[in-house]
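The letter at position 91 of the sequence shown is residue 669 when you use our numbering, and the numbering goes up by one with no holes.
Encoded as C-alpha cells, the structure appears first; notes follow it.
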Amino acid sequence: MPPFVLVDGSYFLFRAFHALPPLTTSTGLHTNAIRGAISAIQKLMRRTQPTHMAVIFDTPEPTFRHVLSPIYKGDRPSMPEDLSEQIPYLHALIRALGIPLYMLPGAEADDIIGTLAKRAEAAGQQVLISTGDKDMAQLVKPGVLLVNTMSGTVMDEKGVVAKFGVHPNQ
C-alpha cells in the first residue's frame, strides 16, 4: 500500500524561492517559488504514487511558541514581498491538483504534520514526510520515514542515527 505522503509546503516554498532565479509573468508576477514548489510536488507524486497526500503550510499568525518566547524566530528576516505574493497562487494550484492543503492559524506546518503523522500511524498507515527540516527527524520510527525530495534521500531510524548521532526519540 502506498504511504500517506505529508508535504511540508512551507519548506518547498522557501526552498524553491531561493533555489530558482527570479521568474515573472508578462504582468510582473513573480513565479519562481510557484514553479519550483509545484515541480517538486509533482516529482514526489511520480516517485511515490500516493493514494493519500496532503500539503501543509505555515500561516503568518504568531504561534503558541511566540507567546512562550517573544524572541522565537526573532532573528529571521521578514518574508520578501516577491515571495509572499506567490503564496495564494501556489495554494490555488495545489488545490487544483486535487491535493488537500492544510493550514491552522497559531500552529506551524511542523505541528500539523506531526499530528497527521501520529494519527495516520495509529490507524496503521505507512507515512512518508517530505521535508528538509531536521526537526522532523524526531518523528521517524517504523512506519514513518522522511524523504528529502530535493536530494531524493529517504531516512529511517538508522538514517537518523547515522546523520545526527542520536535516535529519533532522543
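Just so you know, even glycine gets a beta-carbon here, dropped at the ideal spot from N, CA and C.
### Task
Report yes or no: do three or more beta-carbon pairs, one from the stretch 678-686 and one from the stretch 627-638, lie closer than 8 Å?
They touch, by the three-pair rule.
### Query
Taking the alpha carbon of Asn747 as the point to measure from, which residue in Gly721, Gly730 and Gln716 has its own alpha carbon closest?
As a first step, residue 747 is located in the sequence shown; it is residue number 169 there, counting from the start. Nearest to Asn747 by C-alpha distance, out of Gly721, Gly730 and Gln716, is Gln716.
### Query
Within the chosen definition, does the stretch 614-628 reach the stretch 720-739 through at least 3 CB pairs nearer than 8 Å?
Segment contact: the stretch 614-628 against the stretch 720-739, three or more CB-CB distances shorter than 8 Å; contact assigned.
### Task
Can you give me the Cβ contacts of Arg613 inside the same chain, cut-off strictly under 8 Å, excluding the 5 residues immediately before and after it?
Indexing the sequence shown from 1 puts residue 613 at position 35. Within the same chain, and ignoring the five residues on either side of Arg613 in sequence, the residues whose Cβ sits closer than 8 Å to its Cβ are Ala594, Leu598 and Leu601.
### Task
In the DSSP assignment, find the alpha helix (DSSP H) that holds Ser604 and state where it starts and stops.
Taking the sequence shown and counting its residues from 1, one reaches residue 604 at position 26. No alpha helix (DSSP H) contains Ser604, which DSSP labels as neither H nor E.
### Message
Please list the terminal residues of the continuous beta strand (DSSP E) segment that includes Met623.
### Response
Taking the sequence shown and counting its residues from 1, the one referred to as residue 623 is at position 45. Membership of Met623 in any beta strand (DSSP E) is not indicated; the residue belongs instead to the alpha helix (DSSP H) covering Asn610 to Thr626.
### Task
Mark Pro648 as exposed unless 16 or more other C-beta atoms lie within 10 angstroms of its C-beta, in which case mark it buried.
For the purposes of this step, residue 648 is taken as the residue at position 70 of the sequence shown. Its Cβ having fewer than 16 others within 10 Å, Pro648 is exposed.
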